[in-house]
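Novice: With the numbering used here, letter number 119 in the sequence shown gets 121, and the count goes up by one each step, no holes.
Heads up, the beta-carbon is just placed ideally off N, CA and C, and yes, glycines get one too.
I'd like to ask you about the structure that follows.
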Amino acid sequence: MQFDMAELDLGARYKIVNSTITPRPIAWITTVGEGGLVNAAPYSFFNACGIEPPLVMLGLLKDMKTGSYKDTATNIAASGEFVVNLVGEADMEAMNLSSVDAPRDIGEIDYAGIETVPSEKVAPPRIVTAPVSFECRKIEMLDIGRLQTVVIGEILVAHVKDEFIADPAKLYFDTPAMKLVGRTHGAGWYARTSDQFSIDRPRFDPDRAERTRGKSRL
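What follows is the structure in structure tokens.
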């Protein structure tokens, strides 16, 4: 089947994107709101999008009924600061609890029993149990369409737990040991990263290039 995305409603488009672009890493985002209330919320429309400078991208949906920013977007717009905490298997329960649609005067940090520690360069704290945390500063915040906002943030400080650094001098990380999780299809489905494989990047072969030259021209 093929789908003309412009002819589909939001729900159908969401199902197609959510069920096929997987697994998606989870950004467990901490921000600080009005009155100093710390907010924590997980988002899977997230990834790295640059390295010079080091950048991350967030896709934040607005409130479906009002079209207004939710807490995370509100706080990022106001302060320009946020922390992306990656999610390991041990944090699944707390992360899931922090995803509830809580009133704005309720801090998910307290609600889900999440332990935090002060960041170095931004006001939002980082989550103690996260294998990796990125302190970020907003670079761009783009409202694209009625219900979505794209945030591009620069990573100012990266925190990686010592137990996941195999060789500090060479920056070799024991990424499998982090047991990071990702979102997959449908409601409530996740993937573990414990089943992985390696494949070497091939060298360019001039003979192969000559044999196949021009075959893909329209």
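Is there contact here, the region 111-123 with the region 60-78, by at least three beta-carbon pairs under 8 angstroms?
Specialist: Result no; under three Cβ-Cβ pairs closer than 8 angstroms.
Novice: I need the boundaries of the beta strand (DSSP E) containing Arg-194, first residue and last residue.
Specialist: 192-194
Novice: Using beta-carbon positions only, say whether Glu-253 and Arg-219 come within less than 8 angstroms of one another.
Specialist: Here the chain comprises residues numbered 3 to 220, so residue 253 is not present and cannot be evaluated.
Novice: Any idea what DSSP makes of Tyr-113, helix, strand or coil?
Specialist: helix
Novice: How is Phe-206 classed by DSSP in three states: helix, strand or coil?
Specialist: coil
Novice: Enumerate, from N- to C-terminal direction, the unbroken beta strand (DSSP E) stretches of 3 or more residues contained entirely within the region 14-66.
Specialist: 29-34, 40-45, 48-53, 56-63
Novice: Met-180: buried (16+ other C-beta within 10 angstroms of its C-beta) or exposed?
Specialist: buried
Novice: Please go through the same chain and pick out, in chain order, the residues whose beta-carbon is closer than 7 angstroms to the beta-carbon of Thr-96, but skip the five residues on each side of it.
Specialist: At residue 96 the sequence reads Ala, which differs from the Thr that was named. Taken in chain order, the residues that qualify are Ala-114, Gly-115, Ile-116.
Novice: By the three-class DSSP mapping on this structure, what secondary structure does Ile-146 have?
Specialist: coil
Novice: Assuming contact is defined by CB atoms lying nearer than 8 angstroms, are Cys-138 and Val-183 in contact in what I supplied?
Specialist: no
Novice: Suppose you measure from the CA of Glu-156 to the CA of Glu-142; what does that come to, to the nearest Å?
Specialist: 9 angstroms
Novice: Note the first and the last residue of the continuous beta strand (DSSP E) segment covering Asp-169.
Specialist: 167-169
Novice: Check whether the Cβ atoms of Thr-151 and Leu-62 sit closer than 8 angstroms, and answer yes or no.
Specialist: Against a cut-off of 8 angstroms, the Cβ pair of Leu-62 and Thr-151 comes out as a contact.
Novice: Starting from the Cα of Thr-133, find the closest Cα among Met-59, Gly-52, Thr-177 and give me that residue.
Specialist: Reading off the sequence shown, one finds Pro at residue 133, where the question assumed Thr. Ranking the options by Cα distance to Pro-133, first place goes to Thr-177.
Novice: Going straight from the alpha carbon of Val-102 to that of Arg-213, what length do you get?
Specialist: 57 angstroms
Novice: Mind checking who Glu-137 pairs with in its DSSP beta bridge?
Specialist: Val-85, Val-159
Novice: Ser-70: which of Pro-27, Arg-148, Lys-17 sits nearest, CA to CA?
Specialist: Arg-148
Novice: What residues are listed by DSSP as bridge partners for Phe-175?
Specialist: Ile-167
Novice: For Phe-166, tell me which candidate among Ser-135, Thr-33, Ala-104 has the shortest Cα-Cα distance.
Specialist: Ser-135
Novice: State the Cα-Cα distance for the pair Met-7 and Thr-186, rounded to the nearest angstrom.
Specialist: In a straight line, the C-alpha of Met-7 is about 20 angstroms away from that of Thr-186.
Novice: Bridge partners of Gly-188, per DSSP?
Specialist: Answer by DSSP bridge pairing: none, since Gly-188 is not bridged.
Novice: If we count the other Cβ atoms within 10 Å of its Cβ and call it buried at 16 or more, is Ala-189 buried or exposed?
Specialist: exposed
Novice: Nearest by alpha-carbon distance to Ile-129: which of Pro-56, Ile-18, Leu-88 is it?
Specialist: Among Pro-56, Ile-18, Leu-88, the Cα nearest to that of Ile-129 belongs to Leu-88.
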